[in-house]
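Engineer:
Number of protein chains: 2
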Amino acid sequence: MPLLTAAAEPALSPPSTKGPIMSEPERRPFVSARTVAERAGVSRSAVSRTFTDGASVSEETRRKVLEAAGELGYHVNHLARGLRERSNIVCLVVADMTTPIRARLVDVLTRKLQAAGKVTMIINTGTDEQSTASALRQTLNYRADATVVLSGTPSAKLIETSLANGQQVVLINRDDPLTGCHNLSVDNEMAGREAFFLLRRAGCRRLALVTSTASTASLLERERVFVEVAKDAGMAVTVMASGPTSYASGYESARRLFGRSDGPDGVFCVTDLLALGFMDAARHEFGLSLPRDLCLVGFDDIDEGDWQSYKLTTFAQPFAAMGDHLVELLGQTVAAAAGRRIFEPIPIWRKSVRPSAD
Amino acid sequence: MPLLTAAAEPALSPPSTKGPIMSEPERRPFVSARTVAERAGVSRSAVSRTFTDGASVSEETRRKVLEAAGELGYHVNHLARGLRERSNIVCLVVADMTTPIRARLVDVLTRKLQAAGKVTMIINTGTDEQSTASALRQTLNYRADATVVLSGTPSAKLIETSLANGQQVVLINRDDPLTGCHNLSVDNEMAGREAFFLLRRAGCRRLALVTSTASTASLLERERVFVEVAKDAGMAVTVMASGPTSYASGYESARRLFGRSDGPDGVFCVTDLLALGFMDAARHEFGLSLPRDLCLVGFDDIDEGDWQSYKLTTFAQPFAAMGDHLVELLGQTVAAAAGRRIFEPIPIWRKSVRPSAD
DNA sequence: GATGCAAATGCACTTGTGTGCAAGCCTCAT
DNA sequence: ATGAGGCTTGCACACAAGTGCATTTGCATC
Numbered sequence: 000m001p002l003l004t005a006a007a008e009p010a011l012s013p014p015s016t017k018g019p020i021m022s023e024p025e026r027r028p029f030v031s032a033r034t035v036a037e038r039a040g041v042s043r044s045a046v047s048r049t050f051t052d053g054a055s056v057s058e059e060t061r062r063k064v065l066e067a068a069g070e071l072g073y074h075v076n077h078l079a080r081g082l083r084e085r086s087n088i089v090c091l092v093v094a095d096m097t098t099p100i101r102a103r104l105v106d107v108l109t110r111k112l113q114a115a116g117k118v119t120m121i122i123n124t125g126t127d128e129q130s131t132a133s134a135l136r137q138t139l140n141y142r143a144d145a146t147v148v149l150s151g152t153p154s155a156k157l158i159e160t161s162l163a164n165g166q167q168v169v170l171i172n173r174d175d176p177l178t179g180c181h182n183l184s185v186d187n188e189m190a191g192r193e194a195f196f197l198l199r200r201a202g203c204r205r206l207a208l209v210t211s212t213a214s215t216a217s218l219l220e221r222e223r224v225f226v227e228v229a230k231d232a233g234m235a236v237t238v239m240a241s242g243p244t245s246y247a248s249g250y251e252s253a254r255r256l257f258g259r260s261d262g263p264d265g266v267f268c269v270t271d272l273l274a275l276g277f278m279d280a281a282r283h284e285f286g287l288s289l290p291r292d293l294c295l296v297g298f299d300d301i302d303e304g305d306w307q308s309y310k311l312t313t314f315a316q317p318f319a320a321m322g323d324h325l326v327e328l329l330g331q332t333v334a335a336a337a338g339r340r341i342f343e344p345i346p347i348w349r350k351s352v353r354p355s356a357d
Numbered sequence: 000m001p002l003l004t005a006a007a008e009p010a011l012s013p014p015s016t017k018g019p020i021m022s023e024p025e026r027r028p029f030v031s032a033r034t035v036a037e038r039a040g041v042s043r044s045a046v047s048r049t050f051t052d053g054a055s056v057s058e059e060t061r062r063k064v065l066e067a068a069g070e071l072g073y074h075v076n077h078l079a080r081g082l083r084e085r086s087n088i089v090c091l092v093v094a095d096m097t098t099p100i101r102a103r104l105v106d107v108l109t110r111k112l113q114a115a116g117k118v119t120m121i122i123n124t125g126t127d128e129q130s131t132a133s134a135l136r137q138t139l140n141y142r143a144d145a146t147v148v149l150s151g152t153p154s155a156k157l158i159e160t161s162l163a164n165g166q167q168v169v170l171i172n173r174d175d176p177l178t179g180c181h182n183l184s185v186d187n188e189m190a191g192r193e194a195f196f197l198l199r200r201a202g203c204r205r206l207a208l209v210t211s212t213a214s215t216a217s218l219l220e221r222e223r224v225f226v227e228v229a230k231d232a233g234m235a236v237t238v239m240a241s242g243p244t245s246y247a248s249g250y251e252s253a254r255r256l257f258g259r260s261d262g263p264d265g266v267f268c269v270t271d272l273l274a275l276g277f278m279d280a281a282r283h284e285f286g287l288s289l290p291r292d293l294c295l296v297g298f299d300d301i302d303e304g305d306w307q308s309y310k311l312t313t314f315a316q317p318f319a320a321m322g323d324h325l326v327e328l329l330g331q332t333v334a335a336a337a338g339r340r341i342f343e344p345i346p347i348w349r350k351s352v353r354p355s356a357d
């Protein structure tokens, strides 16, 4: 029936959908399976089956379909496919993408997801609850199979609706105690502890910890453990935070700390960016030399830390392993037990800490 | 290894897609408009109209619909909506995402696109034609309104099918002569010329240009103009490339250049990353001091160039303006005249070049 | 109370897929 | 020759939305 009407319609251009003829930006000339079918002289089902793995098509029609598809430039519409089954879309909710560590994480994850046949949607958001909320909603709008949160803390209620809609929620390095979602995190406790031992072994006497005013759970945990372990060993720690997690904040923290009578000689910066800013201020503003006058430990292992001007001793986050674990999670059924998975940071020895005291 | 192509590539299909009824992980419990309609006691059309701007719904039913939607956690399915009208998806094809400059560009673009009501899909690809091709196919699979290419050079044929499908193609900083697509680019000619004048004004006598072995059109253009202008002024230029566009390559180039009898005293690095590596080697390996013994100009204005250890004089790319222009393009009808738009780089004066010769 | 008009509503069709079911076709063995 | 059995193939439906058109409802006016 519809075929008849289409045939009866003369070839003159359709009188546009509705509006005046002023412009016609409404055309959607994407070629569909039906067009391919008509051209190949087969049914639309045959086209669908040709592009479906394991479906039953004769070699002959398959050839005809592929030929017609090639000539027309046909590509399967994944949006339509996503109506029936999984969309294969994964949403990445992230803030501060320009930060080296975030860029690395996004890079690794998009790579791994792609290799697993997923496609990633980036939602560039702020860290406040408001924008995280609208990010989560976006995720639902596009029927993403999973939402991976790298920044910000989603509200428990919104996570609940995500889960209720059969969507997996994975938090990376967000140590917030939320139930129902997967939690990949680096072992911040070990980092805090090891950082202290590194500095003590180097013979440092006046310890400081530099952090940011963005009170992320990860940063707080590193701080807590470092201070606690130092206290157990009978050493006090000066804690300093001068702004967001950035080079400038680390720089400023150093100015403040060394502006006092006796600056520290052993510092744990909870982030490499902070550490590099701190190191630059210590050197250029106060003429200190590392590791002689000052030992410095960072966290993240960003590329810049390996540059000749810095050679920062730090801890690397095992992003590759985290990415592998993520795709493994996505492969499982939705009902897979949600829970926390902790990855060990890898100590990276460079030149900003003395090898031993003696 | 490549992205899942449109062809009948086996791909790694999840083995459970069509398996027996042994388990039921196939549930897609996403709540649809019909469910909301049933709960609210109205027709499905009413639900649709409630969420469509400007449609005619009484205040009463609207209230009922919104209430039911809230209770059920309903979110409009943008995939289904994308079947009829524009998908509002924009694909970003990018390689080397961890590079600071790329991360910045991706950050700005995702922000701008988001503000314009678009959603961005990241396709993390290699720069070879093969992976660019499968990236382009991915773009078509998801019916993206537009494809924005930040890395790699798509084949003319593939661009053609994109355009034939009504998809806009925007190349950013790819100066390849491809017809039919929009081209946003920074003025490399001006950069090369200005870089030379900066160095000459500083009184440099032995010029060098440091580039990478990745022969991007942008890099080649900067090199060509710099060398040409210098030649016109009667000065020779040593050109050096030691590897990909990275810190390490810049470092290596400096080792080679200063390992000779007379190293350069004025250098244009076509990329900031190269410049920072170059600077570090010049200082730490050869004890040079900037800008006394060596004047250095970069390009990109990455954050790291402003760090205290570097203070690199460079040119900034006006990404914000480019992003604004991009969303403006997307708002136009598809038939908008494709062409090239050139943006002026912004000179950033810092400390790596002497202010004047005298 | 009847009429007119506007707003609200519902039906049915559209978008592009994938797939269950049944029918058709071909081959082979009885 | 005929039925069994396996491969193909097409119909029709499902997925989740938006919307033109016709119909119904509500309300005011005559």
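One line per chain: the protein sequences are A and B, in this order.
So the first sequence is residues 0 to 357, counted in numbering that gives the first Met the number 0.
So the second sequence is residues 0 to 357, counted in numbering that gives the first Met the number 0.
Don't be surprised by glycine CBs; every beta carbon is placed ideally from N, CA and C.
Note that the structure is predicted; figures quoted are calculated from it, not measured.
1. For Thr138 (chain B), collect the residues of the same chain with a Cβ closer than 6 Å to its Cβ; drop the 5 residues on either side in sequence, then sort them by chain order.
2. Counting only beta-carbon separations shorter than 7 Å, does Thr97 (chain B) have a partner in chain A?
3. Starting from Arg339 (chain B), trace the beta strand (DSSP E) in both directions and tell me its first and last residue.
4. Consult DSSP for Arg26 (chain A) and reduce its assignment to one of helix, strand or coil.
5. Can you list the residues of chain A that Phe50 (chain B) reaches, using a CB-CB cut of under 7 Å?
6. Within the continuous beta strand (DSSP E) that includes Phe314 (chain A), where are the two ends?
7. If the criterion is Cβ atoms closer than 7 Å, does the pair Tyr246 (chain A) and Gly286 (chain A) meet it?
8. Under DSSP, the beta strand (DSSP E) around Gln167 (chain B) begins and ends at which residues?
9. Rounding to the nearest angstrom, what Cα-Cα distance links Gln167 (chain B) and Val269 (chain A) in this structure?
10. Between the beta-carbon of Lys111 (chain B) and the beta-carbon of Gly330 (chain B), is there less than 7 Å?
11. May I ask whether a heavy atom of the ligand COA can be found less than 6 Å away from the beta carbon of Tyr309 (chain A)?
12. Among A:Asp186, A:Val228 and A:Leu218, which has the Cα closest to the Cα of Leu206 (chain A)?
13. Identify the residues that DSSP records as bridge partners of Pro346 (chain B): which are they?
14. Does chain A have any CB closer than 7 Å to the CB of Asn87 (chain B)?
15. Taking the CB atoms as reference points, tell me whether Arg221 (chain A) and Ala190 (chain A) lie closer together than 7 Å.
16. Using three-state DSSP, classify Tyr246 (chain B) as helix, strand or coil.
17. Can you check the segment 260-297 of chain A for any beta strand (DSSP E) of at least 3 residues that lies completely inside it and give the ranges in chain order?
18. Is the shortest distance between the beta-carbon of Arg110 (chain A) and the beta-carbons of chain B less than 7 Å?
19. Strictly under 7 Å for the Cβ-Cβ distance: is Gln307 (chain A) near chain B by that measure?
20. On a Cα-Cα basis, can you pick out the residue from A:His283, A:Glu327, A:Leu177 and A:Ala201 that is closest to Ile158 (chain A)?
21. For Cys90 (chain B), which residues does DSSP report across the bridge?
22. How about His181 (chain B): is its C-beta nearer than 7 Å to some C-beta of chain A?
23. Go through its chain and collect everything with a Cβ distance to Pro24 (chain B)'s Cβ below 6 Å, but skip five positions before and after it.
24. Evaluate Arg339 (chain B) with the Cβ neighbour count: other Cβ atoms within 10 Å of its Cβ, from every protein chain shown; 16 or more gives buried, anything less gives exposed.
25. How would you write the range of the alpha helix (DSSP H) that Met189 (chain B) sits in, first residue to last?
26. Given Arg26 (chain A), which residues of its chain have a CB within under 6 Å of its CB, disregarding the five upstream and five downstream residues?
27. Comparing the C-beta of Asn76 (chain A) with each C-beta of chain B, is any distance below 7 Å?
28. Can you list, in chain order, the residues of its chain with a C-beta nearer than 6 Å to that of Thr403 (chain A)? Leave out the 5 residues immediately preceding and following it.
29. Under three-state DSSP, which class holds Asn140 (chain A)?
30. For Leu329 (chain B), would you say it is in contact with chain A, using Cβ-to-Cβ distances shorter than 7 Å as the test?
31. Counting only C-beta atoms, is Pro28 (chain B) closer than 7 Å to chain A at any point?
32. Just the Cα atoms here: how many angstroms apart are Cys203 (chain A) and Ala240 (chain A)?
33. In terms of residue numbering, what span does the alpha helix (DSSP H) encompassing Val224 (chain B) cover?
34. Taking the beta strand (DSSP E) that Leu206 (chain A) falls in, what are its first and last residues?
35. Find out if the Cβ-Cβ distance for the pair Leu218 (chain B), Thr210 (chain B) is shorter than 7 Å.
Structural biologist: Looking at the coordinates:
1. Counting only residues of its own chain and dropping the five nearest sequence neighbours on each side, Thr138 (chain B) has a CB closer than 6 Å to the CB of Cys90 and Thr146.
2. For Thr97 (chain B), the answer is yes, since a Cβ of chain A falls inside 7 Å of its Cβ.
3. From DSSP, the beta strand (DSSP E) with Arg339 (chain B) extends over Arg339 to Phe342.
4. No answer about Arg26 (chain A) holds up, because its pLDDT of 49 lies below 50 and its placement is not dependable.
5. Close partners of Phe50 (chain B) in chain A (Cβ separation under 7 Å) are lacking, with about 11 Å as the shortest Cβ gap.
6. Thr313 to Ala315 is the span of the beta strand (DSSP E), which, as asked, contains Phe314 (chain A).
7. No, these two residues do not count as a Cβ contact at 7 Å.
8. Boundaries of the beta strand (DSSP E) harbouring Gln167 (chain B): Gln167 to Ile171, taken from the DSSP string.
9. CA-to-CA, the gap between Gln167 (chain B) and Val269 (chain A) works out to about 44 Å.
10. No, they are not a contact pair.
11. Among the components of this structure there are no ligands whatsoever, and the ligand COA is therefore not found.
12. Comparing Cα-Cα distances from Leu206 (chain A) to each of A:Asp186, A:Val228 and A:Leu218, the minimum goes to A:Val228.
13. Partner(s): B:Phe314.
14. It does not: the Cβ of Asn87 (chain B) has no partner Cβ on chain A nearer than 7 Å.
15. Yes.
16. Residue state for Tyr246 (chain B) is assigned as helix, using DSSP reduced to three classes.
17. Every beta strand (DSSP E) of 3 residues or more that sits fully in the segment 260-297 of chain A is shown, in chain order, as 265-268 and 294-296.
18. Yes, Arg110 (chain A) counts as interfacial toward chain B.
19. For Gln307 (chain A), the nearest CB of chain B lies under 7 Å from its own CB, placing it at the interface with that chain.
20. The option with the nearest alpha carbon to Ile158 (chain A) is A:Leu177.
21. For Cys90 (chain B), which the question treats as bridged, DSSP gives the partners B:Met120 and B:Thr146.
22. Not one chain A Cβ lies under 7 Å of His181 (chain B).
23. With a pLDDT of only 39 at Pro24 (chain B), under the threshold of 50, the placement of this residue in the model should not be trusted, and no figure is reported.
24. With fewer than 16 other Cβ atoms within 10 Å, it is exposed.
25. Under the DSSP assignment, Met189 (chain B) falls in the alpha helix (DSSP H) whose first and last residues are Asn187 to Arg200.
26. Bear in mind that a pLDDT of 49 at Arg26 (chain A), under 50, signals an unreliable position, so the number given afterwards is only what the model happens to contain. Closer than 6 Å at the Cβ level, and outside the excluded window around Arg26 (chain A), lies no residue.
27. Asn76 (chain A) counts as touching chain B.
28. For residue 403 (chain A) there is no data in the structure shown, the boundaries of chain A being 0 and 357.
29. DSSP, reduced to helix, strand and coil, places Asn140 (chain A) within a helical segment of the structure shown.
30. Not closer than 7 Å to any Cβ of chain A, the Cβ of Leu329 (chain B) fails to qualify, so no.
31. Answer yes: the Cβ-Cβ gap between Pro28 (chain B) and chain A drops below 7 Å somewhere.
32. Computed Cα separation, rounded: 21 Å.
33. Membership of Val224 (chain B) in the alpha helix (DSSP H) is indicated by the continuous run Ala216 to Asp231.
34. For Leu206 (chain A), the enclosing beta strand (DSSP E) begins and ends at Leu206 to Thr210.
35. For Leu218 (chain B) and Thr210 (chain B), yes; Cβs fall inside 7 Å.
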